[in-house]
Structure formats: structure tokens, C-alpha cells
């Protein structure tokens, strides 16, 4: 896991690789760096989700690595729709976002993007699913249902960085 943390840290811009400062239910690990705090979760099927909050610039830098993704060009430019879902309610307020392709030889491919931090964290808190779509095609679908305690930890951690 430390290797994955180090690689994602490089892909998204620095993250401490000496292990999580706290582990939360649902598989969420909290990491602290000098200018950000990050949550990392591995899902079944070789998918890893990371969100790093940079409080000084109020930015969330997000990455999703999926061992099953094919055709992603490292450094390639992509545009997908970002959705949040809570039950039958679908929040399409983010619309189309710009993403960069990332590839790791041993881990798979994925995408990274940066968005408004507090707004993204608030949407994560009030929803159960994050979806990345290419038209009608699901690119990624990630459950957020075990996130509440970890988000409280991320916000507390971010008070001491930046």
C-alpha cells in the first residue's frame, strides 16, 4: 500500500508516504503532508480513489486508478461528466470537468482532476456515490457511504497544514 501511496502522491503532487496518520471504517486512510491532507480508499477490483484537500488554495485534487481501465493515455486530456448520487437523487451540478490521464505500469490507468475543495467535500459528505460518466457510459462509480467520519478527520487535519 505504501508504494501505491507514493505513486499517487507523485501523480497528484506530494503526499507523505510514511503511512496513514489514521485509519477509518470503510477502508479510508488519512494522510498528512505539509500543504494538504488526503483520504485514500482501495475498492474491490483494483480501484483506488484519492482526494487531497489543499486548504490554502481551497482545492481538492482527486485521482482514480483502476486496474481494469484500458485506453487511457498518460497525460492525455479528457472531459467527462461528474455526478453525485444519493438514493434516487442525481446531482449533475458539476457538469463536464477536465481530467488528465495517468498510467502506472503495475497498478493500471486512471484520471486526475482538480476542483473547488470545500464544495467537492460538501458534495461527497451529502451523497452516497460519485460517478464519472462519458455520455451514457459509466467510466467510474465509487461508493461514498462509509465516508462521514473520514471527512471529519480530513477537515480537522487540514486545519494544521498549508
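Residue numbers (this note's numbering): 144 to 305. For glycine and all other residues, C-beta sits at the position ideal for the given N, C-alpha and C. Since the structure is predicted, the reported quantities are computational estimates derived from the model, not experimental observations.
Item                                                                                                                                                              : Value
Can you tell me whether residue 283 is buried or exposed? The criterion is at least 16 other CB atoms within 10 Å of its CB, across all chains shown.             : buried
With respect to the beta strand (DSSP E) encompassing residue 283, which residues constitute its N-terminal and C-terminal limits?                                : 280-286
On the criterion of 16 or more Cβ atoms from any shown chain inside 10 Å, does residue 269 qualify as buried, or is it exposed?                                   : exposed
Please tell me whether, using a cut-off of 7 Å, the distance from the CB of residue 257 to the nearest non-hydrogen atom of the ligand ATP is below it.           : Absence of the ligand ATP is noted for the structure shown, with no ligands found whatsoever.
Please give me, in chain order, every unbroken run of the beta strand (DSSP E) with length at least 3 that falls completely inside the stretch 189-234.           : 190-197, 202-209, 220-229, 232-234
Using DSSP's beta-bridge definition, name the partner residues of residue 273.                                                                                    : 227, 285
Are residue 240 and residue 255 closer than 8 Å when you measure CB to CB?                                                                                        : no
Going by C-alpha to C-alpha distance, which of 191, 219, 232 sits closest to residue 170?                                                                         : 191
Do residue 227 and residue 276 have their C-beta atoms within less than 8 Å of each other?                                                                        : no
Could you pull out every residue in the same chain whose Cβ sits closer than 7 Å to the Cβ of residue 165, ignoring the five residues on either side in sequence? : 173, 296
Tell me which residue opens and which closes the beta strand (DSSP E) that residue 250 is part of.                                                                : Unbroken run through residue 250: none, as it is neither H nor E.
Return the Cβ separation of residue 253 and residue 207 in integer angstroms, given the expectation that the two are a contact with Cβ distance under 8 Å.        : 5 Å
Does DSSP put residue 265 in a helix, in a strand, or in coil?                                                                                                    : helix
If you draw a straight line from the alpha carbon of residue 301 to that of residue 257, how long is it in whole angstroms?                                       : 17 Å
Am I right that residue 251 and residue 209 are in contact with their C-beta atoms under 8 Å? What's the rounded C-beta distance?                                 : 6 Å
To the nearest angstrom, how far is the alpha carbon of residue 168 from that of residue 238?                                                                     : 30 Å
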